[in-house]
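What follows is a set of notes on a single structure, which appears directly below.
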Amino acid sequence: MLTVQALRAAGKDLTREGVMSAIETKGAKFASAGLVPLGYSATSRIGYNGYWVSQLNAKGEGKPFGGKLVVYTTDSGAGAVTVSTFVRPTMPKNGIPTNS
918 MLTVQALRAA GKDLTREGVM SAIETKGAKF ASAGLVPLGY SATSRIGYNG YWVSQLNAKG
978 EGKPFGGKLV VYTTDSGAGA VTVSTFVRPT MPKNGIPTNS
């Protein structure tokens, strides 16, 4: 989904620079399955900047550790780890992005 939204946001005259600029300026608002924002800018290419801790059951399914989903985020390798307050954009129907 990220690729489709980036291509749409870059416009009809596609260039590498245009796609990169679209991700840098609009990527944090792209709808995705991510539970944290996309950490992508002109100076950083870290991707999703957060995590949650799971425990695998006998079937190999990941369940939130402690029974409650808590998502953590940070802004860099040296930044503080905090509980995320990110609200994920609404997922598009049928998984097909319509926004860019």
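Positions 918 to 1017 (the working numbering) are the ones given, in order, by the sequence shown.
C-beta: ideal position from N, C-alpha, C; glycine also.
These numbers come from a predicted model, not from an experiment.
The continuous stretches of alpha helix (DSSP H) do not include lysine 976, and DSSP gives it neither H nor E. Under the three-state reduction of DSSP, valine 988 is assigned to strand.
Residue nearest to serine 971 within the set Asn1011, Ser958, Val987 and Ala950 is Val987 (criterion: CA-CA distance). Shortest Cα-Cα distance from serine 958 to any of Ser949, Val936 and Ala948 involves Val936. In its chain, beyond the 5 residues on either side, Phe947 and Ser949 have a beta carbon closer than 7 Å to the beta carbon of leucine 919. Here DSSP, grouped into helix, strand and coil, assigns isoleucine 940 to helix. Its chain contains Ser971, Gln972 and Leu973 as the residues whose beta carbon lies nearer than 8 Å to that of glycine 979, once the 5 sequence neighbours on both sides are disregarded; these appear in chain order. Residues of the same chain with a CB within less than 8 Å of the CB of proline 1014, apart from the 5 flanking positions on each side, are Met918, Val921, Gln922, Arg925, Phe947 and Ala948 in chain order. Shortest Cα-Cα distance from glycine 983 to any of Trp969, Thr990, Thr942 and Val1004 involves Trp969.
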